[in-house]
Each structure stands twice: as structure tokens, then as C-alpha cells.
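Asker: Below: one structure in C-alpha cells.
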Amino acid sequence: MGLYASELRKSITHPFGALGVAAPLACVPVVAIAAAGNAVGETESLLRSLQLSQLFTAVLAMGVLGQEYESSSLRGALLATPRRLRLLAAKLAVLTTLTLAALAGGVLAGWLSLSMSAGGVALPGAGKAAMIALSWVGMAFVAAGLAVVWRSAVVPGAVLIPLFLGLSQLLSGIVSAARFLPDRSTFAVFTRAGGDALDPGPGMLVLLVWVVCLTAIAAWLFERRDVR
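Here it is, written out as C-alpha cells:
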């Protein structure tokens, strides 16, 4: 618990970590209200805003893991905790905690905003809520894997944020394989996706494959690679 608490404190005091937790509190209600104003139902607008706000999982990963590659911070962290995989596990546990906290805060802020503007909104059921949470955590792990593989605090955001902002949707209209991109694979979890979008179940499995592969590669590299 000491290592977890230390990593949690370090992450939430980093600018990217703080931004990743706080930003959904503003983004989710703003996007949800805007979507509801475009003749989309309140529940659907909340789900759409949660899908877009997944981009902040990349920001969180930049704060939790990416920060270690700024100014050779990882060297100091490993001097304090020589067991590398234990340190990585603690960081991933912190990332999961902060991701779920950001999601919960975003849902609450979005629900309150829609309730005040539209008079009420139905929250997703337990099954849908679980898939949303898994999608957020899965995307956070994908971003974390990119941070470790590339030893960069910038790469997760540079790769994933454009995908969430429309690049993957653009690519899906050109190449059918784009539906297997990590952000696009769970699109149907959040909205009534048409076209060749994957159904929620298969989409979650695709995201799981991304998570397992990237996490395994990241763990192997984190354990064996020389520290800069």
C-alpha cells in the first residue's frame, strides 16, 4: 500500500494526472448538453459524451506512466523500488483508480447537467455501465502501453487523442479494418453505431486483445530495457 499511495500522490500532483481527472467534469456535461440540443435523447447524449471523453484516459496515462520518462525520473523511481514489475503493477493500479474516478465524476457531472436542463435522464443499466467502465480502463491501459513502449509522455496523447477526435471515424470510411482500432472497437458500447461498427461484445474482445498485447510488451520491455 505504501508504494501505491506514493504513486497515487505523485500522479495526481502531476499536471497531466490532475487534468485527466478534472477535465471530464467539464467535458462530459458540455458535450452531453450540446448533443441533447441536436435532437438526441438525453441518455444517448450522455453516452456519446462519455465516448468522446475517453480521450482523457490518454492524458491520465501521460501523467501516471509517461511522466517517468521526463528528465530521467524513472531512474530515481527504480532506485527506490528495484523490483520493476512491482512498480509497474502499482502504476497500473493507480491508473485504474484514477480512470474510474474520472469516469464517475464525468457521469455525475453529465447527469446533473442534463437533469437541470432537460428535467431528468435515465442512467445506463448495470451491464452497459460495466462495459463503459471496462472500455475506459482498457483505453487507459492501451495509452499506458504506448507510453512504456515508446518511453514517452507525449506519444499516448499524440496517437490516441486524434483518433477520438474523429480520425478513426474518418479512417473507418476508407478502410474497413479501422473498426478494429482500440477506440473504434467499442464505439457501439456508447451509441447506436451503424455501418460496419463492431457489436459491443466483439468490440470489447478486440479492445481486450489490444490491452493484453500492449501490456505484455510493455511489461517485458519495462523489466529488461536499460533505463535512460
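With full-length UniProt numbering as the guide, the letters of the sequence shown map in order to residues 1 to 228. Even for Gly, the Cβ is constructed at its ideal location relative to N, Cα and C.
Apart from the five residues just before and just after Leu112, which ones in its own chain have a Cβ nearer than 8 Å to its Cβ?
Answerer: Pro29
Asker: Please name the residue, chosen from Ala32, Gln54 and Glu42, that lies closest to Ile161 on a Cα-to-Cα basis.
Answerer: Gln54
Asker: With a floor of 4 residues, list each alpha helix (DSSP H) that falls wholly inside the stretch 99-143, ordered by position along the chain.
Answerer: none
Asker: Where does Ser53 sit, in a helix, a strand or coil, going by DSSP?
Answerer: DSSP places Ser53 in the coil class of the three-state scheme, outside both helix and strand.
Asker: Hey, quick one: how far does the alpha helix (DSSP H) through Phe222 stretch, first residue to last?
Answerer: Pro200 to Arg224
Asker: Comparing alpha-carbon positions, which option in Ser11, Leu50, Gly145 and Leu221 lies nearest Met131?
Answerer: Leu50
Asker: Count the other CB atoms within 10 Å of the CB of Cys27; is the residue buried (16 or more) or exposed (fewer)?
Answerer: Label assigned to Cys27: buried.
Asker: Looking at Ala36: is its Cβ nearer than 9 Å to the Cβ of Leu114?
Answerer: yes
Asker: For Gln169, which residues in the same chain have their Cβ closer than 8 Å to its Cβ, ignoring the five residues on either side in sequence?
Answerer: Arg184
Asker: One question on the structure: do Phe141 and Ala102 come within less than 9 Å of each other, judged by their Cβ atoms?
Answerer: no
Asker: Could you round the C-beta distance between Val121 and Lys91 to whole angstroms and report it? I think they count as a contact, below 8 Å.
Answerer: Their Cβ separation, rounded to whole angstroms, is 35 Å, which puts Val121 and Lys91 out of contact at 8 Å.
Asker: Anyone know if the C-beta pair for Ala61 and Ala144 falls short of 9 Å?
Answerer: yes
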